[in-house]
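Numbering (the working numbering), first residue to last: 2 to 337.
Glycine residues also receive a C-beta, built at the ideal position from the N, C-alpha and C atoms.
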């Protein structure tokens with residue numbers, strides 16, 4: 002074989018090797034650009050039931066709203082969405098199980114503000130970003146309330162008394178590092194007062210207020226509403242940016258000049274790395290569920306404001322909520 006022929010064969014071999022490599026490299030480089038394109042839903046998902054983990058005990062308002070949205074999502078998904086209660090550790094038990102679950106779309110978690118508190122305070126060994134956060138369904142408020150026969154009829158009167166009597170006002174919350182604790186800390190800091198924060202557990206807050214164990218409580222609105230409607234307690238202010246539609250006469254902390262905007266949100270989280278097409282299918286299903294008439298009846302009864310956020314918006318929202326939670330936890334001396 003002459004030299005010229007060998008050279009031609011060698012060039013052909015190099016070309017045959019180089020072309021697939023160049024095509025392969027081009028595919029790898031083009032992949033990130035594809036991620037910015039619109040994601041389509043997964044046509045073959047789901048084919049089995051989906052576990053819906055709830056970080057609360059059965060029967061409470063958060064549990065009932067979660068069960069209602071799970072039931073409503075079944076219509077779009079065509080498969081059962083099965084509520085499973087996993088209470089404990091300020092949400093830590095549920096988040097731990099969710100974090101360890103397969104990222105195949107068949108396990109979802111009913112998240113709340115606890116996703117940025119439990120992950121910061123050390124209840125779990127991972128951060129809030131250990132998940133793909135699918136969507137927010139809505140939120141409720143965490144108001145400051147006092148007994149009906151207390152001397153304070155407005156939030157300004159309570160703050161004025163607390164300022165004149167540092168450490169005399171005890172405010173009950175669900176537990177150290179909980180959303181209600183952080184809301185009370187933000188109020189304390191914004192109002193320039195000194196109060197004592199008392200972790201009571203979710204079930205003891207209202208009874209402890211009525212029994213005189215604490216002077217005030219911070220509590221989710223659905224838990225305060227029945228006693229307020231019965232005339233046993235007074236809700237002085239709510240922790241959201243806008244007044245609650247069911248109680249338009251109750252002011253927000255923000256409109257009184259205190260920068261406290263901490264809604265108790267609820268949404269859906271997924272194991273990290275879930276297929277974007279599966280995320281899209283679930284996002285669409287839960288968005289449709291949030292508009293379901295029966296679900297909205299339950300939401301209204303429980304003082305839950307339906308305000309859907311899609312995947313991208315919810316991820317950005319949680320980044321902000323995580324920063325807010327960290328700041329409040331630092332103020333409370335719970336983290337450095």
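Contiguous alpha helix (DSSP H) elements confined to the segment 232-299 occur at 277-291, taking only those with 4 or more residues.
The residues 329, 332 and 333, in chain order, have a CB closer than 6 Å to that of residue 186 in the same chain once the five nearest residues on each side in sequence are set aside. Sequence-distant partners of residue 326 (beyond 5 residues in either direction) whose C-beta falls short of 7 Å from its own C-beta, in its chain, are 117, 118, 121 and 183.
If one requires a minimum length of 3 residues, no beta strand (DSSP E) run lies completely within the segment 114-140. With distances taken between CA atoms, residue 243 lies nearest to 256 out of 303, 256, 212 and 160.
Taking C-beta atoms under 8 Å as the contact rule, residue 271 and residue 133 qualify, at a distance of about 4 Å.
Distance from residue 238 to residue 156 at the Cβ level is roughly 4 Å; contact confirmed, criterion being Cβ atoms closer than 8 Å. The alpha-carbon of residue 179 is positioned some 10 Å away from that of residue 265. Spatial neighbours of residue 91 in its own chain (CB-CB distance under 7 Å, excluding positions within 5 residues in sequence) are listed in chain order as 115, 118, 119, 124, 176, 178 and 179. Put simply, the backbone Cα of residue 61 is about 9 Å away from that of residue 223. The alpha-carbon of residue 64 is positioned some 22 Å away from that of residue 246.
Assignment of residue 66 by DSSP, reduced to helix, strand and coil, places it in the helix class. Counted as a single uninterrupted DSSP element, the beta strand (DSSP E) harbouring residue 173 occupies residues 171-174.
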